[in-house]
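Numbering (our numbering), first residue to last: 202 to 755.
Set out below in structure tokens:
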């Protein structure tokens, strides 16, 4: 699979993290982050991080951007914050000649989106409902209390409320004309609308949510959906943006009071709280890369009552892996979803033996129950026993199960980006897998990843299996590095990780996939596994790259 490399500029903060989460849901995407601050959060969730010059050094920044796009074969660029929008917008045509799409709107739209006073005047010119807006609190007809928003601000920062004319005289937060002033509503609801517009001017399905609780302008608790009249206003407003050159992810905010609603704000970039849409299966970013355009739909009643965001803590250990030159991977439940593979074969088996079996739903339900209860090695025997099938049928079903070949297999989403990044960083890669040779060869043929490895070892061909140290010694010999220059990545703490460490490997990364066959109790494992300090638990394969530097940069 050829990956599409996507660059997120200034992606180190929460805005960049929102884009990363959305892009992770799109198959075949390699996510790169460029930021001027090396110590940032989003770099740990990307496939590659690059330290960028400060944006204020325009030519230096552009030279960096051009070189990085060429070096990493970037095909699309996203902006994370408002700071880089104008510069990137001015270079869209130049980068398009290189085959790179910059998902930023034209200057005509940015001019009004980045100035609230101009935006409200544009809404009035378009006959779109918005609250009255004043250049200063001294304008004729002002209605107190007033709320003042920085004309060039975002995220609820720097907002002031003036209760009366006397409060205007005491205002010390800057020039009054640097704010857009409006009547301060009481008892209103605020709706946020995330959407994207592609290069052809097509609008993605709109993702609506009512803001219930915010913190510093960041929505942390929302209710999916919106009344139809709020939806109608959003659609009408967004359609008017297209002639201005709207492009890429954007966010619109609408205020509602009873049966009335008004457009409040437009963010010409990704909304920081867009991940709240993802948990309701709305992903405006995927619309830009998936050609099938789905219809907008509201959440079903009772499907999702609330969406919330919370902080999550992670510990990043300090590992001394400077001498590592090779990474060895297990296959099943590390790279490939083993249960999905088995279930696909069971579906084909039912088609082959349907005259001897109950209905598809009944058969697959029973088979999945047996599989989930842990009887993997003798699955067909257990099925035949429960169905009271004769021995001839049992033998025939075993043979059929071995021979049926699914058209595809499910590799975990982090597999291709991580393998690609490790190879780009100069590391040699190896694959070692147990289970019958014919079965594993069939998987490798279908999933087409064999070419990504420098060494592929099927332990059945050696007449042994993990955790036998000879398996890991053989990998070391074939890949051309000493054991202490290798690390092991696998889902089985004992066969994969402990086996590799006993063979002298430098470190082991243990990954426990949701729904996989093994669910180790880590506290118990640490009590019995020797060399446990040399084991790091990870949730995603890309976490391996946190601890590595490109070999040619050491």
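Glycine included, each C-beta is placed from N, C-alpha and C at the ideal position.
**Request:** For residue 637, name the three-state secondary structure that DSSP assigns.
**Result:** Taking the first residue of the chain shown as 1, we reach residue 637 at position 436. DSSP places residue 637 in coil when its eight states are reduced to three.
**Item:** Buried or exposed by the 16-neighbour rule on C-beta atoms within 10 Å, applied to residue 511
**Value:** As a position in the chain shown, residue 511 is number 310, starting the count at 1. Under this definition residue 511 is an exposed residue.
**Request:** Under 7 angstroms Cβ to Cβ from residue 353, same chain only, skipping five residues before and after it: list those, please.
**Result:** As a first step, residue 353 must be located in the chain shown, where it is residue number 152. The answer, listed in chain order, is 315 and 316.
**Message:** When you compare the CB positions of residue 667 and residue 702, do they come within less than 9 angstroms of one another, or not?
**Reply:** Translated into the one-based positions of the chain shown, residue 667 becomes position 466. Translated into the one-based positions of the chain shown, residue 702 becomes position 501. Against a cut-off of 9 angstroms, the Cβ pair of residue 702 and residue 667 comes out as no contact.
**Message:** Beta-carbon within less than 7 angstroms of residue 420's beta-carbon, same chain only, minus the 5 sequence neighbours each way: which residues are those?
**Reply:** The residue you call residue 420 lines up with position 219 of the chain shown. Listed in chain order, the non-local C-beta contacts of residue 420 below 7 angstroms within the same chain comprise 393, 412, 474 and 477, local neighbours out to five positions each way being set aside.
**Prompt:** Contact check, residue 216 vs residue 471 under 8 angstroms by CB: the rounded distance?
**Reply:** In the chain shown, residue 216 corresponds to position 15, counting from 1. In the chain shown, residue 471 corresponds to position 270, counting from 1. Yes, they are in contact, since the Cβ atoms of residue 216 and residue 471 sit about 6 angstroms apart, within 8 angstroms.
**Item:** Boundaries of the beta strand (DSSP E) in which residue 412 is found, first to last residue
**Value:** Here residue 412 corresponds to residue number 211 of the chain shown, with the count starting at 1. Going by DSSP, residue 412 is part of the beta strand (DSSP E) stretching over 408-416.
**Prompt:** How about residue 464 and residue 333: do their beta carbons lie closer than 9 angstroms?
**Reply:** To locate residue 464, count along the chain shown from 1; it is residue 263. To locate residue 333, count along the chain shown from 1; it is residue 132. Cβ atoms of residue 464 and residue 333: not closer than 9 angstroms.
**Message:** Would residue 446 and residue 310 qualify as a contact pair, given that the criterion is a beta-carbon distance under 9 angstroms?
**Reply:** Taking the chain shown and counting its residues from 1, one reaches residue 446 at position 245. Taking the chain shown and counting its residues from 1, one reaches residue 310 at position 109. Yes, the pair counts as a contact, with Cβ atoms nearer than the cut-off.
**Message:** Please classify residue 304 as buried or exposed, where buried requires at least 16 other C-beta atoms within 10 Å of its C-beta.
**Reply:** Working through the chain shown from its first residue, we reach residue 304 at position 103. Around the beta carbon of residue 304, a 10 Å sphere encloses 16 or more other beta carbons of the protein chains shown; the residue is thus reported as buried.
**Asked** Are at least three pairs of beta-carbons, each pair with one atom in the region 612-623 and one in the region 736-755, less than 8 angstroms apart?
**Response** As far as the Cβ criterion goes, the region 612-623 touches the region 736-755, which means the pair count is three or higher.
**Request:** Would you kindly work out how many angstroms separate the C-alpha atoms of residue 502 and residue 383, rounded to a whole number?
**Result:** The sequence position of residue 502 within the chain shown is 301, counting from 1. The sequence position of residue 383 within the chain shown is 182, counting from 1. Only weak support is given to the placement of residue 502: the predicted model assigns it a pLDDT of 45, under 50, and the value that follows is read from those uncertain coordinates. Looking at the two C-alpha atoms, the distance is approximately 35 angstroms.
**Message:** Please classify residue 657 as buried or exposed, where buried requires at least 16 neighbouring CB atoms within 10 angstroms.
**Reply:** Along the chain shown, one-based indexing puts residue 657 at 456. So residue 657 counts as buried.
**Asked** Helix, strand or coil: how does DSSP classify residue 395 here?
**Response** Translated into the one-based positions of the chain shown, residue 395 becomes position 194. Look at residue 395 here: in three-state DSSP terms it is strand.
**CB of residue 643 within 9 angstroms of CB of residue 634, strictly** = Position 442 of the chain shown, counting from 1, holds the residue named residue 643. Position 433 of the chain shown, counting from 1, holds the residue named residue 634. Pairing residue 643 with residue 634 gives a Cβ-Cβ distance that is not under 9 angstroms.
**Request:** Using only alpha-carbon positions, find the residue among 347, 606, 575 and 408 that is nearest to residue 549.
**Result:** Working through the chain shown from its first residue, we reach residue 549 at position 348. It is 606.
**Asked** Looking at the structure shown, is residue 629 part of a helix, part of a strand, or coil, going by DSSP?
**Response** Residue 629 sits at position 428 when you count from the first residue of the chain shown. Note: residue 629 maps to strand in three-state DSSP.
**Message:** Strictly by DSSP, which residues pair up with residue 250?
**Reply:** Residue mapping note: residue 250 aligns to position 49 of the chain shown, counting from 1. Residue 250 has 234 as its beta-bridge partners, per DSSP.
**Asked** Is the distance from the Cβ of residue 396 to the Cβ of residue 439 below 9 angstroms?
**Response** Position 195 of the chain shown holds residue 396. Position 238 of the chain shown holds residue 439. Yes, the Cβ-Cβ distance between residue 396 and residue 439 is below 9 angstroms.
**Neighbour-count burial assignment, residue 298, 16 or more Cβ in a 10 Å radius** = For the purposes of this step, residue 298 is identified with residue 97 of the chain shown, where counting begins at 1. Exposed, by the Cβ-count rule.
**Asked** Helix, strand or coil for residue 445 per DSSP?
**Response** Walking along the chain shown from the start, residue 445 turns up at place 244. Reduced to three states, the DSSP call for residue 445 is helix.
**Prompt:** What is the C-beta distance between residue 737 and residue 710, in whole angstroms, given that I count them as a contact (C-beta under 8 angstroms)?
**Reply:** Sequence index remark: in the chain shown, residue 737 carries index 536 (1-based). Sequence index remark: in the chain shown, residue 710 carries index 509 (1-based). Between residue 710 and residue 737 the Cβ distance is about 5 angstroms, and since that is below 8 angstroms, they are a contact.
**Request:** Identify whether residue 691 lies in helix, strand or coil by the three-state DSSP scheme.
**Result:** Numbered from 1 along the chain shown, position 490 holds the residue referred to as residue 691. If DSSP states are grouped into helix, strand and coil, residue 691 belongs with the strands.
**Item:** When 374, 385 and 559 are compared against residue 364, the one with the closest alpha-carbon
**Value:** As a first step, residue 364 must be located in the chain shown, where it is residue number 163. From the listed residues 374, 385 and 559, the smallest Cα separation to residue 364 is found for 385.
**Message:** According to DSSP, simplified to helix, strand and coil, what is residue 213?
**Reply:** On the chain shown, residue 213 is found 12 positions in, with the first residue counted as 1. Coil, per DSSP.
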